[in-house]
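In our numbering, the protein residues as written are 2 to 143. Every residue gets a Cβ at the ideal spot worked out from N, C-alpha and C, and that includes glycine. Computed from a predicted model, the values in this text were never measured in an experiment. A quick write-up on the structure given underneath.
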């Protein structure tokens, strides 16, 4: 709460596929923010993370500008594509050893959260659970 209230700009992106977006920024938080602050609610299409967001609108509430525009992702498509490509390159680059090829450091939480299968076995905990498989003791077991 305190970090949001003290921020000049808040960008929310929390969305759950097929479900309403979780409400993370409440009316009282917005009211406590400094005048002139801005909230950009990128989850507005699924209900928004801010209780005061209005889909397709830019509104002023308690002196705070709340941007609930629906087309923001399409307005920055080229930039988003470039950033996504760079992130994927960095992710894969961290999993490649020049001499050994792909090498997974399962002590790295990013690797553990990204690798779904290893050595012919599903090693991702949530995917295993979704398929009714028992948990592995360590990702290296797979």
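- When the beta-carbon positions are compared, residue 16 and residue 53 stay at least 9 Å from each other.
- Secondary structure note for residue 42: its beta strand (DSSP E) is the uninterrupted segment 39 to 42.
- As far as DSSP is concerned, residue 101 takes part in no beta bridge.
- Along the length of the segment 17 to 67, whole beta strand (DSSP E) runs at least 3 residues long occupy 39 to 42, 59 to 62, reported in chain order.
- In this structure, the straight-line span from the alpha carbon of residue 97 to that of residue 90 is close to 11 Å.
- Excluding sequence positions up to five before and after residue 69, its CB lies within less than 6 Å of the CB of 42, 45, 54, 55, 56, 58, all in the same chain and listed in chain order.
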